[in-house]
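Read the structure below first, then the notes.
2 protein chains.
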Amino acid sequence: MSSLKNVADLAGVSVATVSRVLNADEVVKYETKVKVMNAIKALKYSPNRVAQRLRTTRKSSRLIGLLIPDIQNPFYVDVIRGIEVFAYANNAAVVIGNFSQDEKKEKLYLDILKSESVDGFIVAPSNEKDIYIKELVKEGFPVVCIDRGLSDVEVDLVKVDNQKGAFNAIEHLIKLQHKRIGHITGNQLIPTTMERLAGYEQALKQYNIAIDPEIIVSRESDYESGAELAAHLLDLKNPPTAIFTGNNLLTLGALETINKRGLKIPEDIAIIGFDDVYWANSLNPPLTAVRQPGFEIGKRAMELLIQRILSPEREVASIIYKTELMIRRSCGSKEK
Amino acid sequence: MSSLKNVADLAGVSVATVSRVLNADEVVKYETKVKVMNAIKALKYSPNRVAQRLRTTRKSSRLIGLLIPDIQNPFYVDVIRGIEVFAYANNAAVVIGNFSQDEKKEKLYLDILKSESVDGFIVAPSNEKDIYIKELVKEGFPVVCIDRGLSDVEVDLVKVDNQKGAFNAIEHLIKLQHKRIGHITGNQLIPTTMERLAGYEQALKQYNIAIDPEIIVSRESDYESGAELAAHLLDLKNPPTAIFTGNNLLTLGALETINKRGLKIPEDIAIIGFDDVYWANSLNPPLTAVRQPGFEIGKRAMELLIQRILSPEREVASIIYKTELMIRRSCGSKEK
DNA sequence: TTTAGAAAAGTAAACGATTACATTTAGCAT
DNA sequence: ATGCTAAATGTAATCGTTTACTTTTCTAAA
């Protein structure tokens, strides 16, 4: 790999001059510029980003650190795609840390990202009081949070109105005459879990349906929990007629259990999930779900981050996207 | 962020000494070591990886470049998880490039990764003659290929026996009495596509079933193609009784079409997919599929890469994993 | 022909680490 | 005390950029 020095030598100028033409500094005479450009081409020179990053603390947006809880969750891969597309357009690279809701892992990745001098962070905090992320923000690093906010700290945030989304889902079920609606919620430490639960309860209250703690079940936010909790719900003396699952992993898990028992959706049990997937129509019956615009969230987060890097003083923004209820066939239809 | 210099000043020693204790150089006297350690702790010092990377071309494995064709494909997210777990254990970070089968994007990411001085690359070449990757290998960068190899070039490779996997799938169908088996294949430029097609044809030949080009359809390796090509197959005067889909995106697409038409699986149409997903049992009926061990592939690739970085001269390895036929319910059962 | 002043180019320090080489210190025999 | 050797530590170059500051070159007015 050739360096500035090589180019300078070949072109017969100093490194400073080469650097100037690279950075489009107008003071360079046309002819020297041409000489330099030729040398660059001849040597296939391309600047070393490591050296650049070491040298300049200057505001750039070349390397972005991404910290997400679970890459197996299709929602996050949508988010990643959104980030990635925007990063690509900006000639930025993204370093990814998948911390699996594991604090130690989260901390390690954070340290690595810091010491890689990333220009900014996009993170989904493990919970509202996530001290590592709070610290990060306080230390003045450019940070934008996705999916989950941080209490007592001013930080850019891009997420969805979880409570409203859940409310809409339950309302939909209620309008379909369901009166006994179970809820499989995820890890209660995760803010989104609680917001969705709040939406669930709000809807029941509003429609005068008693909240029965027996049919609100919770464990982790993963596939296995979905499967096991669905079994638990179905085993109840008085099982629900519909289940609202708190995220797509839980939904998929619940679906496995329902299939295994040969239950008919929606006749035997209706199901509505938080989080849509692009292959919801491949499910049989197609899944009714609360769609979060993952791609847009990622894209927007990246936009905010770049802004933040460029102007650290701008006021914090809080972008709340609306969810969309994707009505398909897993809850029955009006004819019911 | 504090630097070596800061630590040195606080401890009252030179930067060299600090560096020595950090790198566990035994020549440092015990007492100075203690002083230095205290200073490190006091300042919460942690070395700047950017400076380290700039300084040493030394064999390390701290930053890995990953280039994959499609992050929406669950197979690759398994691979990423495998890589990531191993990377975490080795204190390495991974920079990810998702090139979406787009050559320009691939090239840009490659350039970025190079100029970020990553210690090595894990890539899924866009095709067998991928000149960019070939060049990369020839320039002497540590590279390991996953999923797809490279012609005329010595390079580490971790993949699966695609032909055998496809063969097994078709054989399974044949034993279930299917005689007219369609194949939805993906982008014909991708080597895996061709290998799977070869396995399909091999099985038919071996069981003396004529190959009918009419029921071998191809477009891209994505969801939409799966949906449209399935429709095409189903619209034939003499449609197949079973469909073999070339990857999980195609499978999911085909499933959408089958559902939409209200066809029963496997009675009306059987389906077997290449690539398993962890939620195969959430599909109704559960999908019979050829499982690639994505996680293991990623993990193994990372292992090989670290080896390669440490000893660039070791012989190239070619790891071919076996696929596993996950028999579930989408092809019918023996009772049929 | 001078020479002021602008334009163009060059020099060298800095970013934060590693490391070859140089220097200081300590220990010990004479 | 002196010298010698080994142990401990320090000095400074280096990686590839950027950039403040300095120097050289050019233009054109006096």
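Chains A and B, in that order, are what the protein sequence lines are. The numbers in the working numbering rise by one with no breaks, and the one at position 50 of the first sequence is 990. The numbers in the working numbering rise by one with no breaks, and the one at position 53 of the second sequence is 993. We put the CB at the ideal spot given by N, CA and C, even for glycine.
- For the region 1232 to 1248 of chain B, the set of residues with a beta-carbon nearer than 7 Å to any beta-carbon of chain A is empty.
- Chain-order list of chain A residues neighbouring B/I1023: empty, with the shortest C-beta distance near 10 Å, by a criterion of under 7 Å.
- The C-alpha of B/V1058 lies about 18 Å from the C-alpha of A/Y1028.
- Under the DSSP assignment, A/R993 falls in the alpha helix (DSSP H) whose first and last residues are 989 to 995.
- About 11 Å separates the Cβ atoms of B/V1017 and B/I1023, ruling out a contact at the 8 Å cut-off.
- Contact annotation: the region 993 to 1006 of chain A touches the region 1029 to 1037 of chain A, with at least three C-beta pairs closer than 8 Å.
- Scanning the region 1121 to 1205 of chain A from its first residue to its last, the whole beta strand (DSSP E) runs of 3-plus residues come out as 1121 to 1125, 1156 to 1158, 1182 to 1185.
- B/P1082 does not reach chain A, its nearest Cβ partner there being about 15 Å away, counting only Cβ pairs nearer than 7 Å.
- Checking the DSSP bridge columns, you'll see B/I1212 partnered with B/F1184, B/T1228.
- At least one C-beta of chain A is nearer than 9 Å to the C-beta of B/L1003.
- Distance from the CA of B/L1090 to the CA of B/Y1072, rounded to the nearest whole angstrom, comes to 11 Å.
- Residue pairing for B/A1109: DSSP places it in no beta bridge.
- Note on A/V974: under 16 other CB atoms within 10 angstroms of its CB, so exposed under the neighbour-count rule.
- If you check the CB distance, A/L962 and A/L983 do not come in under 9 Å.
- In the three-state reduction of the DSSP assignment, B/V1256 falls in the coil class.
- Of all residues in the region 1040 to 1057 of chain A, the ones placed with a Cβ closer than 8 Å to any Cβ belonging to chain B are K1045, L1048, Y1049, D1051, I1052, L1053, K1054, S1055, E1056, S1057, in chain order.
- Put simply, the CB of B/I1011 is near chain A, with a gap under 9 Å to one of its CB atoms.
- Going by DSSP, B/M1242 is part of the alpha helix (DSSP H) stretching over 1234 to 1250.
- At least 9 Å separates the beta-carbon of B/L1190 from that of A/N1224.
- Residues of the region 1214 to 1232 of chain A whose Cβ lies closer than 7 Å to any Cβ of chain B, in chain order: Y1218, W1219, N1221, S1222, L1223, N1224, P1226.
- Per DSSP, the continuous beta strand (DSSP E) segment holding B/L1006 begins and ends at 1003 to 1008.
- Within the region 959 to 992 of chain A, the residues whose Cβ lies closer than 9 Å to any Cβ of chain B are, in chain order, S986, P987, N988, R989, V990, A991, Q992.
- Here B/G1022 carries a helix assignment [DSSP, helix/strand/coil].
- B/I1052: member of the alpha helix (DSSP H) spanning 1043 to 1055, first to last residue.
- The Cβ atoms of A/A1220 and A/L1116 lie no closer than 9 Å to each other.
- Counting only residues of its own chain and dropping the five nearest sequence neighbours on each side, A/K1045 has a CB closer than 7 Å to the CB of F1039.
- Straight-line spacing of the CA atoms in A/I1259 and A/V1095 works out to 11 Å.
- Using a CB distance cut-off of 9 Å, B/G1272 does not count as an interface residue toward chain A.
- According to the DSSP assignment, B/E971 belongs to the alpha helix (DSSP H) that extends over 970 to 983.
- Nearest CB-CB separation between A/E1196 and chain B: below the 9 Å threshold.
- The beta carbons of A/D1087 and A/T1125 sit no closer together than 9 Å.
- CA-to-CA, the gap between B/Y1140 and A/V1019 works out to about 36 Å.
- Contacts with chain B at 9 Å (Cβ-Cβ) include A/G1037.
- Residue-level contact by beta carbon fails for B/K1069 and chain A, as no gap is shorter than 9 Å.
- By the CB criterion at 9 Å, B/C1271 and B/I1211 fall inside the cutoff.
- DSSP places B/N946 in the uninterrupted alpha helix (DSSP H) bounded by 944 to 951.
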